[in-house]
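Trainee:
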Amino acid sequence: MSREPVVKPFLTLLYAFFMLFVFTTWGYVLAPFMGRRKAMWHIGEAYFRHMSRIWGVEHEIEGLENLPPEILDGRQPVIYIANHTSYLDAMMLTCYLPNRPTFLAKVEMLFIPVLGVACWMGGVIFINRRNRPKAIASLKRAAERIRGGATIAAFPEGTRTRDGQLLPFKKGIFNLALDAGVPLVPIGLTGGFEMLPAGSLRVKPGTFRIHVGAPIHPSEHPDLEVLRDEAWTAVKALVAKG
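In our numbering, the protein residues as written are 104 to 345.
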């Protein structure tokens, strides 16, 4: 059963932004000692777990047994691909996925007060969807990160769902998978849309579920559109688990 929120709903938004400022400031303090990204990963995870308690959000994760040991322990970098249900998605994946993925995000996120700075400090790779050369350059940086051992996480729909349905996948992340030659790990997220749908600023208490599927190897699907369709079908099946 979901917990009741600790703070009344009309105060949660103000509290969330205040605590984001506090935690981000701590990230600045720790960055010279831990490195910018590592400091923000730790601070970000602490913030997300704290706010989950405040909001009354619980989580469940299943399917990690689908991942081989080399993915679980970080020896094999991967690209996690998930449906995009709400602003809670990245928070939950940061807290509960194996390793600490580097997220791809639209460049507009960079200009959100405090949050944009936190994302930059955490190593988020920003994609300018309106400028193709810049978008390609960002994907090349992501490929370099992967070759350096980093795991990437992305939402291939490119935006949050407005009606709870899975949107078509854009091609960019699949070009990246073919370029880097690493497995895609499909993830189905449920619960987030009901708790924080697009257009809402109030988080309702509930359970956020993460369904992890078996890796998809680009070498087995060298055609871009076939790879994209295979990934969409896999994510769709995971979402259907509810």
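All C-beta atoms, glycine included, are put in the ideal place defined by N, C-alpha and C.
Are the beta-carbon atoms of Leu281 and Leu242 separated by less than 8 Å?
Mentor: In this structure, Leu242 does not lie closer than 8 Å to Leu281 by Cβ.
Trainee: Give me the Cα-Cα distance between Glu173 and Gln179, rounded to the nearest whole angstrom.
Mentor: Going from the Cα of Glu173 to the Cα of Gln179 covers about 5 Å.
Trainee: Report the option in Tyr199, Pro204, Arg203, Met224 whose CA atom is closest to the CA atom of Leu213.
Mentor: Of the listed residues, the one whose Cα sits closest to Leu213 is Met224.
Trainee: Give the range of the beta strand (DSSP E) segment to which Pro236 is assigned.
Mentor: Run containing Pro236: none in the beta strand (DSSP E); it sits in the alpha helix (DSSP H), 235 to 250.
Trainee: Could you check the C-alpha separation between Phe120 and Arg305 for me, to the nearest Å?
Mentor: Cα to Cα, Phe120 sits roughly 13 Å from Arg305.
Trainee: How many angstroms separate the CA atom of Pro259 from the CA atom of Val125?
Mentor: Rounded to whole angstroms, Pro259 to Val125 spans 31 Å at the Cα level.
Trainee: Using a Cβ-Cβ cutoff of less than 7 Å, which residues in the same chain neighbour Met195 once the five nearest sequence positions on both sides are dropped?
Mentor: Closer than 7 Å at the Cβ level, and outside the excluded window around Met195, lie His162, Phe311, Ile313.
Trainee: Would you call Ile215 buried or exposed, if buried means 16 or more other Cβ atoms sit within 10 Å of its Cβ?
Mentor: So Ile215 counts as exposed.
Trainee: Give the C-beta separation of Asn169 and Val315 to the nearest angstrom, bearing in mind that I take them to be a contact with Cβ-Cβ under 8 Å.
Mentor: With 8 Å as the limit, Asn169 and Val315 qualify as a contact, their Cβ atoms being about 6 Å apart.
Trainee: Taking the Cβ atom as the reference point for each residue, do Arg263 and Thr188 lie within a distance shorter than 8 Å?
Mentor: Yes, the pair counts as a contact, with Cβ atoms nearer than the cut-off.
Trainee: May I ask you to report which of helix, strand or coil DSSP gives Phe277?
Mentor: Reduced to three states, the DSSP call for Phe277 is helix.
Trainee: Got a sec? Which residues, its chain only, sit under 6 Å from Val338 by beta carbon, not counting five neighbours each side?
Mentor: Result list for Val338: Asn186, Pro289, Gly291, in chain order.
Trainee: On the criterion of 16 or more Cβ atoms from any shown chain inside 10 Å, does Leu175 qualify as buried, or is it exposed?
Mentor: Classification of Leu175: exposed, given that the 10 Å Cβ count is below 16.
Trainee: Along the chain, where does the alpha helix (DSSP H) that runs through Pro337 open and close?
Mentor: Note that residue 337 is Ala in the sequence shown here, rather than Pro. From DSSP, the alpha helix (DSSP H) with Ala337 extends over 327 to 342.
Trainee: Buried or exposed for Asp192, please, with buried defined as at least 16 other CB atoms from any protein chain shown within 10 angstroms of its CB.
Mentor: With 16 or more Cβ atoms within 10 Å of its Cβ, Asp192 is classed as buried.
Trainee: Nearest to Gly177 by CA position, among Pro204, Val132, Arg235, is which residue?
Mentor: Of Pro204, Val132, Arg235, the residue nearest in Cα terms is Pro204.
Trainee: Assign Ala301 to one of three DSSP states: helix, strand, or coil.
Mentor: Coil.
Trainee: Taking the alpha-carbon of Lys273 as reference, which of Arg232, Pro325, Phe151 has the nearest alpha-carbon?
Mentor: Answer by Cα proximity: Arg232.
Trainee: So, Leu218 versus Leu133, is the Cβ gap smaller than 8 Å?
Mentor: It is not a contact, given that the beta carbons lie outside the stated cut-off.
Trainee: According to the neighbour-count rule (16 or more other Cβ atoms, all chains shown, within 10 Å of its Cβ), is Phe277 buried or exposed?
Mentor: Buried, since its Cβ has 16 or more Cβ neighbours within 10 Å.
Trainee: Grab me the residues of Ser155's own chain with a C-beta within less than 6 Å of its C-beta, minus the 5 sequence neighbours each way, in chain order.
Mentor: Closer than 6 Å at Cβ, skipping near neighbours: no residue.
Trainee: To the nearest angstrom, report how far apart Ala240 and Phe229 are at their CA atoms.
Mentor: Roughly 10 Å separates the two Cα atoms.
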